[in-house]
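Asks:
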Amino acid sequence: MLSIAWAPLYAHPLPDNHRFPMLKYELLPEQLIREGTVPESAFFAPVPPPAADILRTHDGSYFERLRTGGLTRQEERATGFPWSPQLIEREVTILGGTLECARRALHSGIALNIAGGTHHAFRDRGEGFCLLNDQAAAADYLLAHPALGVSKVLIVDLDVHQGNGTAAIFQHEPRVFTFSMHGARNYPHRKEQSDLDLPLADGTDDATYLALLHHTLPRLLDDVQPDFVFYLSGVDVLATDKLGHLGLSREGCRQRDEFVLALCHRHALPVVVCMGGGYSPRIADIIEAHANTFRIAADLW
22 MLSIAWAPLY
32 AHPLPDNHRF
42 PMLKYELLPE
52 QLIREGTVPE
62 SAFFAPVPPP
72 AADILRTHDG
82 SYFERLRTGG
92 LTRQEERATG
102 FPWSPQLIER
112 EVTILGGTLE
122 CARRALHSGI
132 ALNIAGGTHH
142 AFRDRGEGFC
152 LLNDQAAAAD
162 YLLAHPALGV
172 SKVLIVDLDV
182 HQGNGTAAIF
192 QHEPRVFTFS
202 MHGARNYPHR
212 KEQSDLDLPL
222 ADGTDDATYL
232 ALLHHTLPRL
242 LDDVQPDFVF
252 YLSGVDVLAT
262 DKLGHLGLSR
272 EGCRQRDEFV
282 LALCHRHALP
292 VVVCMGGGYS
302 PRIADIIEAH
312 ANTFRIAADL
322 W
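First residue of the sequence shown: 22, per my numbering; consecutive thereafter.
#1: List the DSSP bridge partners of G204.
#2: Could you tell me the alpha carbon to alpha carbon distance between C274 and L48, rounded to whole angstroms?
#3: Assign E213 to one of three DSSP states: helix, strand, or coil.
#4: Report buried or exposed for N38, applying the criterion of at least 16 other Cβ atoms within 10 angstroms of its Cβ.
#5: Once DSSP output is grouped into helix, strand and coil, what is the label at N154?
#6: With three or more C-beta pairs closer than 8 Å as the rule, is the segment 130-146 touching the segment 109-117?
#7: In terms of residues, what are the limits of the beta strand (DSSP E) holding L44?
#8: Give the range of the alpha helix (DSSP H) segment to which D325 is assigned.
#9: With 16 as the cutoff for other CB atoms within 10 Å, does Q183 come out buried or exposed?
#10: Which same chain residues end up closer than 8 Å to L242 when comparing Cβ atoms and leaving out the 5 residues on each side of it in sequence?
#11: Any idea what DSSP makes of L92, helix, strand or coil?
#12: Quick one: give me the first and last residue of the beta strand (DSSP E) that D10 is part of.
#13: Since I believe T199 is in contact with D227 (beta carbons under 8 Å), could you give me their beta-carbon distance rounded to a whole number of angstroms?
#14: Could you tell me which of M22, L35, H236, I307 sits nearest to S62, measuring between CA atoms?
#15: With DSSP as the reference, identify every bridge partner of V347, one or two as the case may be.
#16: What residue range is occupied by the uninterrupted alpha helix (DSSP H) comprising N313?
Structure follows, in structure tokens:
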């Protein structure tokens, strides 16, 4: 049975007309249970991790200002969210969920977080709806505990936006290989340098996208020889996405997830999946695309 991190506080209340679709964090677990993809017992309640597990990745003064409401107005605006103690509780809980997913995946092969994939968070600042970098923190956690047997991590970031924070965090860390396949002309306007960046033209379709992924990822697994994979499965690659600018269909997005997860399964690589972005105007398009990720995982594992 799958292990899935989720807590009600993932669906954090935001001002009216805010463009971030918090509702998906309520609807996605309901959909997965209702359709029988997973039982309710598949979900576990994540908890905030010890501060040391955050400070291994994030700057101490930044985390203190984040925790106590000391961000400047400009810093808060860059995150895209109005600050509140409840928001910070949400962010550290999501990070704790990805950490626990990493521990569980070592035993079960896979674990998924209903949220997470906060790849725009740098060591010392937040950007683009990302305040703390959950996958980076979980990768650092695995590497800091040699008894877990993880000496090389591959981060596969297929969100439509470049994982700029993740790339910067691991710029000088050879044990983590960062791979980002993203819209060339999309946010962030100033890209960082991942270990491998594949920028895509606006309107890239299913066939082009999938051919590039099929050509690249198997070779990466051979070259990098990771012990562990983090997969950021953002559904903002959809043609319907208002912030994405790519041209994938829902079926193309499903085939993307199937290829990545089947490859990890075939190579017996433990993998943690985080949902990342999705901004289609119809919430049903977002939920259905995210649900496909869990359906594939349930079929494989």
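The C-beta atom is built at its ideal place from N, Cα and C for all residues, glycine as well. Every value quoted in this text rests on a predicted model; they were computed, and no experiment measured them.
Replies: In short, the structure shows the following:
#1: Within the sequence shown, residue 204 is the residue found at index 183, counting from 1. DSSP lists L221 as partners of G204.
#2: One-based indexing of the sequence shown puts residue 274 at position 253. One-based indexing of the sequence shown puts residue 48 at position 27. Answer to the nearest angstrom: the Cα atoms are 19 Å apart.
#3: Locating residue 213 in the sequence shown gives position 192, counting from the first residue. When secondary structure is reduced to three states using DSSP, E213 falls in the coil class, being assigned neither helix nor strand.
#4: Position 17 of the sequence shown, counting from 1, holds the residue named residue 38. Of the other Cβ atoms in all chains shown, fewer than 16 fall within 10 Å of the Cβ of N38; this residue is therefore exposed.
#5: For the purposes of this step, residue 154 is taken as residue 133 along the sequence shown, with counting starting at 1. DSSP places N154 in coil when its eight states are reduced to three.
#6: Contact holds: three or more Cβ-Cβ distances are below 8 Å.
#7: Counted from its first residue, the sequence shown places residue 44 at position 23. No beta strand (DSSP E) holds L44; DSSP gives it neither H nor E.
#8: Past the edges of the chain, shown from 22 to 322, lies residue 325, and the structure says nothing about it.
#9: As a first step, residue 183 is located in the sequence shown; it is residue number 162 there, counting from the start. Buried, by the Cβ-count rule.
#10: By one-based count along the sequence shown, residue 242 stands at place 221. Here the set comprises L175, L284, H288, L290.
#11: Here residue 92 is taken as the residue at index 71 of the sequence shown, counted from 1. Coil, per DSSP.
#12: Only positions 22 to 322 of the chain appear in this structure, which leaves residue 10 out of reach.
#13: As a position in the sequence shown, residue 227 is number 206, starting the count at 1. As a position in the sequence shown, residue 199 is number 178, starting the count at 1. Between the beta-carbon of D227 and that of T199 there is about 25 Å, and that puts the pair past the 8 Å contact cut.
#14: Translated into positions along the sequence shown, residue 62 becomes position 41. Nearest of M22, L35, H236, I307 to S62, Cα basis: M22.
#15: With the chain running from 22 to 322 in the structure shown, residue 347 is simply not present.
#16: Position 292 of the sequence shown, counted from the start, is the residue given in the question as residue 313. Per DSSP, N313 is one residue of the alpha helix (DSSP H) stretching across 304-321.
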